[in-house]
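One structure below.
Number of protein chains: 2
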Amino acid sequence: MAASTPVKGTHTPSAGTGSRPGGRSARVRAAVHRAVEELLAEEVGDGLTIPAVAARAGVHATTLYRRWGSVGELLADAATSRFSGDVVVPDTGSLRGDLQRWAADVATDLADPDVLALMRATLGAGGEQGACACRGDREDQLAAMIAREEARGGAVPTVERAADALLGPLYYRAIFTGEPGSPGWARGLVDALLPD
Amino acid sequence: MAASTPVKGTHTPSAGTGSRPGGRSARVRAAVHRAVEELLAEEVGDGLTIPAVAARAGVHATTLYRRWGSVGELLADAATSRFSGDVVVPDTGSLRGDLQRWAADVATDLADPDVLALMRATLGAGGEQGACACRGDREDQLAAMIAREEARGGAVPTVERAADALLGPLYYRAIFTGEPGSPGWARGLVDALLPD
DNA sequence: GCACGAACGCACAGATCATTGCGTTAGCTT
DNA sequence: AAGCTAACGCAATGATCTGTGCGTTCGTGC
Chain H
1 MAASTPVKGT HTPSAGTGSR PGGRSARVRA AVHRAVEELL AEEVGDGLTI
51 PAVAARAGVH ATTLYRRWGS VGELLADAAT SRFSGDVVVP DTGSLRGDLQ
101 RWAADVATDL ADPDVLALMR ATLGAGGEQG ACACRGDRED QLAAMIAREE
151 ARGGAVPTVE RAADALLGPL YYRAIFTGEP GSPGWARGLV DALLPD
Chain C
197 MAASTPVKGT HTPSAGTGSR PGGRSARVRA AVHRAVEELL AEEVGDGLTI
247 PAVAARAGVH ATTLYRRWGS VGELLADAAT SRFSGDVVVP DTGSLRGDLQ
297 RWAADVATDL ADPDVLALMR ATLGAGGEQG ACACRGDRED QLAAMIAREE
347 ARGGAVPTVE RAADALLGPL YYRAIFTGEP GSPGWARGLV DALLPD
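In order, the protein sequences belong to chains H and C.
If you count the first sequence from 1, position 196 lands on 196 in the working numbering, and the numbers rise without skipping.
If you count the second sequence from 1, position 182 lands on 378 in the working numbering, and the numbers rise without skipping.
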């Protein structure tokens, strides 16, 4: 590993489903993802290794080495699977209502210690790719709500500004401080963003 | 490591200077910290191991195992050392000026890929302790600037609100998106926080 | 200067991880 | 229903990491 990363090119790195989405592959993938979350919840944190995950999942370690190659890619895959489609975009009729509801949902999600552990581990081992996986499609959801309000003819902030004012504090609190924000606090962020 | 963490209690975990702050210990500590940053800059990322750090620092691996015990504590220590006292609190005479200057400095600091790699690795392996180490004393600096303005008799936001509006976006962009914010963008955050 | 003790270097051993080759199972195709 | 092939289980092996005991070096206090 010191000299140069060997550029292993032919195992499905992040696709996951592969070319054969059939029963067994999907079953193994689900079991592995669950094992990752369970082990991280038990604060093994540092020493999350391929053999440990394999043992917990009831799968041979060889399979993990072949399908994912490293804990970094494994965590990135698990994070992608966990953070996609877990929060639905609300539709309350007003931008403020949508954002408040959505921010509260995100805050609740980020308050889960298991989610936090998964995010931290993914950030550490997954590098750039893993970091983006933790965002999931939340910027897209934000953009969707703003676009809908704009279609209604309302005054809207830019997506960038909204991400700064909402996702920034939400993720910062969850990751860097011991205490993640409450849903009520998250709704307050929306009030700070939108003009009174 | 599967059974139970052995509760090693008697090595200085995060103090660093220890009971003998003399020449050699400090020299070793500095060399190790530099080695950590160098290795992380070379995107070893995942496989940052004690032996690798030791070899790079020109120190025996035994020393690292004894002083730090694990990569998590080592990274937390390195992060503490790196993120303490690197940004000075400006004094421009106005809160807006102070915050703009300070936010721009933080943004510049967070734009360094080496700093990013150190933060990501620390978050992953250092757990809660490492995560807080990445904040350094930035909330304190924020509080200091706000307290000074308050002593001048100006209207000030709460420290909590300022952290949400400034540190949140700054850290979120740096960690979760590929592109860290520019100093100009950081100054814009201050304008969004303070009333016109 | 001199003694004391903490921190380090060294060599060794146990454990765990990473990787490969081959046989077997199970899902897809016709 | 039968063949084909991807994906998995299994066992073995080399590499790397983790931890320990002992002698040595260097910083600190007298």
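From the three backbone atoms N, C-alpha and C, an ideal C-beta is built for every residue, glycine too.
Neighbour list for residue i in chain H, Cβ cutoff strictly below 7 Å
i	result
Gly364 of chain C	Gly168, Pro169, Tyr172
Pairwise C-alpha distance: residue j and residue i
i	j	result
Pro183 of chain H	Gly45 of chain H	27 Å
Ala358 of chain C	Pro376 of chain C	19 Å
Leu271 of chain C	Ala231 of chain C	11 Å
Val156 of chain H	Thr318 of chain C	37 Å
Trp102 of chain H	Thr108 of chain H	10 Å
Gly254 of chain C	Pro51 of chain H	31 Å
Ser4 of chain H	Ala347 of chain C	In this prediction, Ser4 of chain H has a pLDDT of 32, which is less than 50 and means its spatial position is unreliable; what the coordinates show is noted afterwards. Roughly 56 Å separates the two Cα atoms.
Gly322 of chain C	Gly154 of chain H	45 Å
Thr354 of chain C	Ala257 of chain C	47 Å
Arg120 of chain H	Ala227 of chain C	27 Å
Pro209 of chain C	Gln325 of chain C	Note that Pro209 of chain C scores a pLDDT of 36, beneath 50, so its modelled location is shaky; the value from the coordinates is reported in the next line. One C-alpha to the other measures close to 11 Å.
Partners in chain C for residue i, counting only beta-carbon separations shorter than 8 Å
i	result
Asp46 of chain H	Ser266, Val267, Gly268, Ala321, Gly323
Ala26 of chain H	In chain order: nothing, as chain C lies at least about 26 Å away.
Residues that residue i contacts on chain C, provided the C-beta gap is smaller than 7 Å
i	result
Asp164 of chain H	Pro365, Leu385
Ile50 of chain H	Within chain C, no residue comes near Ile50 of chain H; the closest Cβ sits about 11 Å away, beyond 7 Å.
Listed by chain order, chain H residues near residue i by CB distance under 9 Å
i	result
Ala253 of chain C	Residues of chain H passing the Cβ test: none, with the nearest at roughly 14 Å.
Heavy atom of the ligand COA within 7 Å of residue i beta-carbon
i	result
Val88 of chain H	No copy of the ligand COA occurs in the structure displayed, which carries no ligand at all.
Chain-ordered chain C contacts of residue i [CB-CB under 9 Å]
i	result
Gly178 of chain H	Glu324, Ala327, Cys328
Checklist entry - Residues in the stretch 296 to 325 of chain C with C-beta within 8 Å of chain H's C-beta atoms, listed in sequence order? => result Within the stretch 296 to 325 of chain C, the residues whose Cβ lies closer than 8 Å to some Cβ of chain H are Arg316, Ala317, Thr318, Leu319, Gly320, Ala321, Gly323, Glu324, listed in chain order.
Item to check | Segment contact, 8 Å Cβ cut-off, at least three pairs: the stretch 94 to 110 of chain H with the stretch 179 to 196 of chain H | outcome: As far as the Cβ criterion goes, the stretch 94 to 110 of chain H touches the stretch 179 to 196 of chain H, which means the pair count is three or higher.
Checklist entry - Counting pairs of beta carbons, one from the stretch 315 to 333 of chain C and one from the stretch 268 to 278 of chain C, are three or more of them closer than 8 Å? => result Contact between the stretch 315 to 333 of chain C and the stretch 268 to 278 of chain C is present, because at least three Cβ pairs lie under 8 Å.
Next on the checklist: Short of 8 Å Cβ to Cβ, which residues in the stretch 329 to 357 of chain C face chain H?
Outcome noted: Those would be Cys330, Arg331, Arg357, in chain order.
Checklist entry - Taking contact to mean at least 3 C-beta pairs separated by less than 8 Å, is the stretch 56 to 73 of chain H in contact with the stretch 141 to 150 of chain H? => result Not touching, per the Cβ criterion.
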